[in-house]
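Q: Under UniProt numbering, residues 1 to 268 are what the sequence shown spells out, in order.
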Amino acid sequence: MKPLISVVIANYNYGRYLAETLESVLAQTYAPVEIVFIDDGSTDDSLEIARSYPITVLAQQNQGVSAARNNAAQYAHGEYVLFLDSDDLLYPDSLEVLQRRLEAEGPRAGFAYGQLQYFGEKNTVFASRPFDPKTLSRENYIQTSALIRLDAFRTVGGFDRGFELREDWELFVRLWHAGWTGAHLARPVIKYRKHRPKAQVRAQGKFRKRLSDAKLITLYPRFFWRKLATHPLRYLLYRMRWKVPGLVGHYGPTGAATLIQSADRPLS
1 MKPLISVVIA
11 NYNYGRYLAE
21 TLESVLAQTY
31 APVEIVFIDD
41 GSTDDSLEIA
51 RSYPITVLAQ
61 QNQGVSAARN
71 NAAQYAHGEY
81 VLFLDSDDLL
91 YPDSLEVLQR
101 RLEAEGPRAG
111 FAYGQLQYFG
121 EKNTVFASRP
131 FDPKTLSREN
141 YIQTSALIRL
151 DAFRTVGGFD
161 RGFELREDWE
171 LFVRLWHAGW
181 TGAHLARPVI
191 KYRKHRPKAQ
201 VRAQGKFRKR
211 LSDAKLITLY
221 PRFFWRKLAT
231 HPLRYLLYRM
241 RWKVPGLVGH
251 YGPTGAATLI
261 QSADRPLS
């Protein structure tokens with residue numbers, strides 16, 4: 001019998017997409033599979049929909065996606081775990097090809113990942129790359145819904161709840177530091193739903209990504225040195241802007257904004 005795969009689905013107010021997501025997991029060619037669903041304080045009909053399926057259903061007050069995934073992973077029984085957003089979809093053979101690829105890579109491989117097929121407001125393929133820590137220090141080319149060995153995920157402590165965004169990038173960096181490598185599959189395995197955000201939400205999201213980048217660099221300066229080594233002032237600004245309230249208090253809103261914008265210019 002093949003080893004069990006746990007699919008963890010964290011959800012917040014995506015009831016309108018949830019049935020389609022769950023059906024894509026239940027239609028997998030791989031077996032056995034368990035689904036652990038956790039609702040992160042939704043105000044729509046998500047829980048009612050989830051409870052109509054033969055899956056494990058959990059609920060919590062809103063704590064954010066990292067906390068939700070970590071809490072749900074405590075109830076996972078599989079040898080592997082895959083974290084799927086509640087508006088995204090799997091291809092029918094996604095789990096089968098990821099599990100096969102992970103085992104083919106050998107015991108040092110802690111996770112397997114493929115490409116993303118965007119759909120909705122965008123219809124292109126996010127082309128991931130073969131695992132290479134040097135490239136990972138410059139960009140995150142690993143999609144969140146990788147198949148991860150559950151013992152590896154638990155050993156490194158799961159997702160860092162301090163990250164609002166980039167939590168997946170930080171996790172894969174931490175897995176690499178713990179001695180794990182990744183196995184790449186050169187084909188789409190996830191259908192990633194792209195939404196059109198409002199202008200204000202888009203601006204807020206961009207700023208949150210920048211803050212998360214700053215925290216990554218601050219936590220792993222040696223790993224990310226390639227990103228900023230030739231720009232010592234830029235690195236200093238990244239470290240400073242992680243303390244945005246202090247920047248604003250010391251330089252005022254205009255001065256703080258100027259520093260942040262300076263740090264965000266593309267690296268040459």
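Just so it is clear, CB atoms sit at the ideal spot from N, CA and C, and this is done for glycine as well.
Taking L116 and I190 to be in contact with their CB atoms under 8 Å, please state how far apart those CB atoms are, rounded to whole angstroms.
A: Confirmed, Cβ separation roughly 5 Å.
Q: Would you decide whether residue 269 is buried or exposed? Buried here means 16 or more other CB atoms lie within 10 Å of its CB.
A: With the chain covering only 1 through 268, there is no way to say anything about residue 269.
Q: Helix, strand or coil for H177 per DSSP?
A: It is helical.
Q: Is A31 near L47, with beta carbons less than 8 Å apart?
A: Taking 8 Å as the Cβ cut-off, A31 and L47 do not qualify as a contacting pair.
Q: Per DSSP, D85 forms a beta bridge with which residues?
A: Answer is A10.
Q: Nearest-angstrom Cα distance between A76 and P221?
A: Those two C-alpha atoms are separated by around 33 Å.
Q: Less than 7 Å between C-beta atoms, sequence neighbours within five positions excluded: which residues of the same chain meet that for R51?
A: Around R51: V57.
Q: On the three-state DSSP scale, how would you describe T155?
A: It is helical.
Q: Please identify the residue among E34, L26, Q28 and S42 whose C-alpha is closest to the C-alpha of N13.
A: Of the listed residues, the one whose Cα sits closest to N13 is S42.
Q: Under 8 Å, do I49 and I9 count as touching if we go by C-beta distance?
A: For I49 and I9, no; Cβs fall outside 8 Å.
Q: Can you name the residues that DSSP bridges to R149?
A: In DSSP, R149 forms a bridge with Y80.
Q: Per DSSP, what kind of secondary structure is V161 in: helix, strand or coil?
A: Note that residue 161 is Arg in the sequence shown here, rather than Val. Coil.
Q: Between the C-alpha atoms of H177 and S94, what's the straight-line distance to the nearest angstrom?
A: Roughly 27 Å separates the two Cα atoms.
Q: If you drop the 5 nearest sequence neighbours on each side, which residues of the same chain put their C-beta closer than 8 Å to that of G64?
A: Excluding residues within five positions, the ones whose Cβ falls inside 8 Å are D40, R161 and E164.
Q: Quick one: is L102 near chain D, going by C-beta distance under 8 Å?
A: Note that chain D does not occur in the displayed structure, where there is just one protein chain.
Q: On the criterion of 16 or more Cβ atoms from any shown chain inside 10 Å, does D168 qualify as buried, or is it exposed?
A: Buried.
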